[in-house]
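Participant:
Protein chains in written order, with our numbering: chain A, 6 to 381; chain B, 330 to 776.
1) Say whether chain B places a C-beta atom closer than 7 Å to the C-beta of residue 12(A).
2) Can you list, in chain order, the residues of the region 359-381 of chain A whose Cβ is nearer than 8 Å to any Cβ on chain B?
3) Can you give the Cα-Cα distance for residue 361(A) and residue 576(B), rounded to whole angstroms?
4) Can you pull the chain A residues whose beta carbon is under 7 Å from the beta carbon of residue 558(B), in chain order?
5) Chain A partners of residue 483(B), CB-CB under 7 Å?
6) Look up residue 150(A) in the DSSP assignment and say whether it is helix, strand or coil.
7) For residue 88(A), does the count of other Cβ atoms within 10 angstroms reach 16, so buried, or fall short, so exposed?
8) Using a Cβ-Cβ cutoff of less than 8 Å, which residues in the same chain neighbour residue 142(A) once the five nearest sequence positions on both sides are dropped?
9) Below 8 Å on the Cβ atoms is my contact criterion, and I expect residue 178(A) with residue 190(A) to pass it. Report the Cβ-Cβ distance as a whole number of Å.
10) Counting only the same chain and skipping the five closest in sequence on each side, list residues whose C-beta sits under 7 Å from that of residue 689(B).
11) Contact criterion: CB-CB distance below 7 Å. Does residue 679(B) meet it with respect to chain A?
12) State the DSSP-derived secondary structure class of residue 344(B), mapped to helix, strand or coil.
13) Any C-beta of chain B within less than 7 Å: which residues of the region 156-177 of chain A qualify?
14) Note down the Cα distance separating residue 486(B) from residue 494(B), rounded to an integer number of angstroms.
15) For the beta strand (DSSP E) that residue 193(A) lies in, which residues bound it at each end?
16) Can residue 40(A) and residue 155(A) be called in contact, C-beta distance under 7 Å?
17) Skipping 5 residues on each side, what residues in its chain have a beta carbon closer than 8 Å to that of residue 757(B)?
18) Using beta carbons (cut-off 7 Å, strictly below), is residue 331(A) in contact with chain B?
19) Using a beta-carbon distance below 7 Å, is residue 467(B) in contact with chain A?
20) Quick one: is residue 276(A) buried, meaning 16 or more other Cβ sit within 10 Å of its Cβ, or exposed?
21) Cα separation between residue 533(B) and residue 453(B)?
22) Taking residue 294(A) as part of the alpha helix (DSSP H), name the residues at either end of that continuous run.
23) Sort 397(B), 342(B), 467(B) and 492(B) by Cα distance to residue 409(B) and report the nearest one.
24) Taking Cβ-Cβ distances shorter than 7 Å, what residues in chain A pair up with residue 384(B)?
25) From residue 250(A) to residue 499(B), what does the alpha carbon distance come to, in whole angstroms?
26) At a CB-CB cut-off below 8 Å, which residues of chain A make contact with residue 743(B)?
27) Leaving out the 5 sequence neighbours to the left and right, which residues in its chain are closer than 6 Å to residue 636(B) when beta-carbon positions are compared?
28) Are any of the Cβ atoms in chain A nearer than 7 Å to that of residue 345(B)?
29) 7 Å is my cut-off, CB to CB: does residue 319(A) come that close to chain C?
30) To the nearest angstrom, how far is the alpha carbon of residue 26(A) from that of residue 259(A)?
31) Decide yes or no for the touch test of the region 622-635 of chain B against the region 585-596 of chain B: beta carbon pairs closer than 8 Å, at least 3 of them.
32) When you compare the CB of residue 439(B) with every CB in chain A, is at least one pair closer than 7 Å?
33) Rounded to whole angstroms, what's the CA-CA distance from residue 723(B) to residue 449(B)? Just pull it up for me.
34) Using the beta-carbon count (16 or more within 10 Å), is residue 345(B) buried or exposed?
35) By how many angstroms is the C-alpha of residue 414(B) removed from the C-alpha of residue 481(B)?
36) Restricting to Cα atoms, I'd like to know which of 763(B), 768(B), 755(B) and 761(B) is closest to residue 749(B).
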């Protein structure tokens with residue numbers, strides 16, 4: 006599909022947001038819809054389709070090299086998630102991993118970015134634990150020690166998505182002083198090779214095709230070529246807002262899919278569904294408001310002001326609340342049909358639950374907003 | 330075993346957050362209740378995620394700051410009040426007086442305990458603690474007035490079309506919203522929030538009080554407005570060495586004529602307070618010895634132990650901006666109804682502005698609260714009448730009472746001036762704008 010993208014040498018080729026979105030929508034609706042349940046329940050990891058989405062330009066508009074259009078990246082992610090929330094989620098993983106490469110300024114990583122941005126290579130993000138650790142929700146899981154030419158890192162992360170042998174993910178490890186106090190943290194690109202032990206996670210209720218693994222490192226060597234940021238905190242401060250904002254594309258897609266599911270049965274069930282609350286028009290109005298707010302925030306993705314961060318966190322929290330509400334409504338609208346195990350609303354509810362609990366979960370977002378607000 | 334008498338400890342799995350409780354053990358994996366962490370075999374695995382005990386670390390139960398429930402849970406949207414200061418609680422009292430049943434929810438950034446804020450600038454010399462200033466705990470007041478409490482929580486978003494308030498403890502619906510969020514200290518750019526104290530709320534005052542309890546200290550107060558002047562006298566009385574840093578030539582520049590201001594300065598100096606006039610802060614400095622200094626623009630330095638900002642207040646505009654509420658130096662409200670630019674949303678107290686002017690005094694709050702209650706409950710949209718409050722400066726050595734608000738262009742006339750009293754009047758084109766009484770006889774009025 007769409008191999009024209011690759012054959013086109015014109016640099017301005019990637020400038021056309023509308024065309025990219027159209028191509029992404031086509032791949033998503035034709036290819037993803039057919040296998041969404043298999044991805045969600047049977048653990049089919051859609052690497053092939055991710056490759057096609059990459060070639061359509063799904064994973065690149067937010068990168069500086071391609072014009073830093075976060076709005077377009079979010080809309081692409083939303084279009085993908087409308088057909089499969091799991092693929093939407095790994096799109097987010099892929100997108101932020103691309104950000105790490107580009108913003109690292111490390112030539113060895115920047116050189117890997119083009120293949121990553123066009124879906125030739127894949128990679129995710131193992132930042133759930135450090136993001137929580139940085140706001141005092143939990144302790145750092147990976148520990149690093151300085152050695153000649155880099156670091157050695159040990160520790161375990163329970164679930165990291167969109168990784169596999171030959172892929173990579175951004176990770177952060179803490180470096181402690183000899184007296185046990187914290188020196189700083191280092192962020193690096195963790196290349197998944199034979200040194201990395203991946204363990205199958207317990208069965209999830211959904212999102213099984215996200216290639217999510219428990220990851221164990223035992224004296225894993227990180228070379229200078231893998232360093233994203235050292236120290237990590239200033240880098241995280243810079244990208245945190247963008248990192249969280251990008252997720253909204255995924256959440257909006259799940260919400261849109263839920264609205265679609267309500268409407269799918271309007272012809273046959275509209276006469277009784279009219280008595281339900283959270284009707285599709287109402288949900289769509291809220292989604293439209295939210296989308297407008299997100300598009301506005303996407304204009305300044307690296308704004309680190311307190312005001313902007315609060316807006317990003319609040320928007321992300323609202324995305325979770327809305328997707329939960331919408332997916333619940335989708336099931337109620339479809340009634341018995343939606344209660345079938347393989348029905349779309351069942352999958353949407355599982356996806357929305359994931360939107361609500363993945364880092365930053367609703368509770369983390371509120372914790373962090375409270376923290377920001379109380380700082381005066 | 331030696332550790333058998335120690336209390337049971339908790340350990341958390343760094344990977345997945347599972348908590349191993351020594352008291353409970355992990356019977357499913359053969360660890361009997363009472364198995365100490367040290368005694369767990371190395372090949373034991375976390376029952377949730379499968380990591381080994383090296384990925385566990387000691388765990389202490391974190392504090393939970395949510396308020397206890399004072400009323401039965403209800404999904405029914407009712408009146409939501411933001412802010413548990415004098416304004417917020419006044420509105421709740423007024424609402425409850427006229428309607429015993431209407432659901433009320435109070436959202437507060439702090440614990441929400443009730444105290445009388447004007448006391449904060451005069452309480453240090455009385456030797457009371459923050460706990461002693463609490464007149465009624467939020468929990469007691471919540472039960473008495475049947476108010477649902479959401480404390481240590483912040484409003485972060487407002488959707489007026491859907492009547493939804495987004496907070497850090499979830500999204501709540503309202504029929505009417507009352508903004509009583511107060512104002513926050515305005516700090517000049519030379520003063521970072523973590524370098525100075527303020528006395529804008531009980532928590533911060535309490536922190537200062539605890540610190541000053543250690544013994545006499547050098548306290549620098551930035552700003553010679555009402556709070557700065559009152560606080561200077563109070564802390565001086567409490568035994569501290571106080572320097573009042575005033576960027577203007579006189580204290581209370583907008584309110585007092587030079588003659589009255591110099592009487593006030595004389596009174597302060599007599600008490601032992603240093604008044605630094607025309608003193609502009611360039612920055613703060615910490616010497617290698619650990620000593621802290623204020624550096625003034627003229628290059629001079631002033632050593633201090635504690636620094637207090639009394640540099641004025643401002644209203645946070647985040648919520649108003651987000652919801653598209655008119656904002657003009659404060660949340661703009663209608664002068665008769667105290668309604669904001671949005672129907673069903675009212676505001677009172679320090680956070681509002683009437684015709685572009687903020688009014689941060691205690692006196693009007695009770696009237697405002699009653700008006701809002703009658704507007705919400707009876708639909709009476711005309712019940713508030715704004716009058717300039719009588720301003721009373723609680724400087725006990727030189728009490729000041731000011732009726733009316735002086736105008737910058739006004740002309741002051743001295744009516745009485747003797748050892749005990751100074752009375753002055755201000756006129757603009759023959760019309761009296763303000764009457765000022767300073768000294769002993771006004772003391773009884775100001776009390």
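Ideal placement from N, C-alpha and C gives every residue a C-beta, glycine not left out.
Facilitator: The short version:
1) Below a pLDDT of 50, predicted positions are generally treated as unreliable, and residue 12(A), at 41, falls in that range; no measurement from the model is reported.
2) Hits within the stretch, in order: 371, 372, 374, 375, 378, 379, 380 and 381.
3) Going by the C-alpha atoms only, they are around 51 Å apart.
4) Neighbours of residue 558(B) on chain A: none; closest Cβ ~24 Å, over 7 Å.
5) Counting only Cβ-Cβ distances below 7 Å, residue 483(B) has contacts in chain A at 374, 375 and 378, in chain order.
6) Residue 150(A): strand per DSSP, three-state reduction.
7) So residue 88(A) counts as buried.
8) Hits under 8 Å: 369 and 372.
9) Beta-carbon to beta-carbon, residue 178(A) and residue 190(A) are separated by about 7 Å, close enough to satisfy the 8 Å threshold.
10) Sequence-distant Cβ neighbours of residue 689(B) in its own chain, meaning closer than 7 Å and more than five residues away, are 512, 642 and 679.
11) With 7 Å as the cut-off, residue 679(B) does not count as an interface residue toward chain A.
12) In this structure, DSSP gives residue 344(B) a state outside helix and strand, which the three-state scheme calls coil.
13) For the region 156-177 of chain A, residues whose beta-carbon sits nearer than 7 Å to a beta-carbon of chain B comprise 161, 162 and 163.
14) When rounded, the distance between both Cα atoms is 6 Å.
15) Segment 187-196, the beta strand (DSSP E) holding residue 193(A).
16) In this structure, the beta-carbon distance from residue 40(A) to residue 155(A) does not fall below 7 Å.
17) Close CB contacts of residue 757(B) within its chain, under the 8 Å cut and outside five residues either way in sequence, are with 736, 738, 739 and 740 (chain order).
18) Not flagged as an interface residue toward chain B: residue 331(A), since no C-beta distance is shorter than 7 Å.
19) No, its Cβ sits nowhere closer than 7 Å to a Cβ of chain A.
20) So residue 276(A) ends up on the exposed side.
21) If you draw a straight line from the Cα of residue 533(B) to the Cα of residue 453(B), it comes to about 13 Å.
22) Counting along the chain, the alpha helix (DSSP H) containing residue 294(A) begins and ends at 285-302.
23) With distances taken between Cα atoms, residue 409(B) lies closest to 492(B).
24) For residue 384(B), the neighbours in chain A by C-beta distance under 7 Å run, in chain order, 161.
25) When the Cα atoms are used, residue 250(A) and residue 499(B) turn out to be separated by approximately 20 Å.
26) In chain order: nothing, as chain A lies at least about 43 Å away.
27) Answer for residue 636(B): 525 and 549, listed in chain order.
28) Residue-level contact check: residue 345(B) touches chain A, since one or more beta carbons of chain A fall below 7 Å from its beta carbon.
29) No chain C appears in the structure shown, which is made up of the protein chains A and B.
30) Cα to Cα, residue 26(A) sits roughly 17 Å from residue 259(A).
31) Under the Cβ criterion (8 Å, minimum of three pairs), the region 622-635 of chain B does not count as touching the region 585-596 of chain B.
32) With 7 Å as the cut-off, residue 439(B) does not count as an interface residue toward chain A.
33) When rounded, the distance between both Cα atoms is 11 Å.
34) Taking all protein chains shown into account, residue 345(B) has 16 or more neighbouring C-beta atoms within 10 Å of its C-beta and is therefore buried.
35) Their backbone Cα atoms lie some 13 Å apart in a straight line.
36) Nearest option by C-alpha distance: 768(B).
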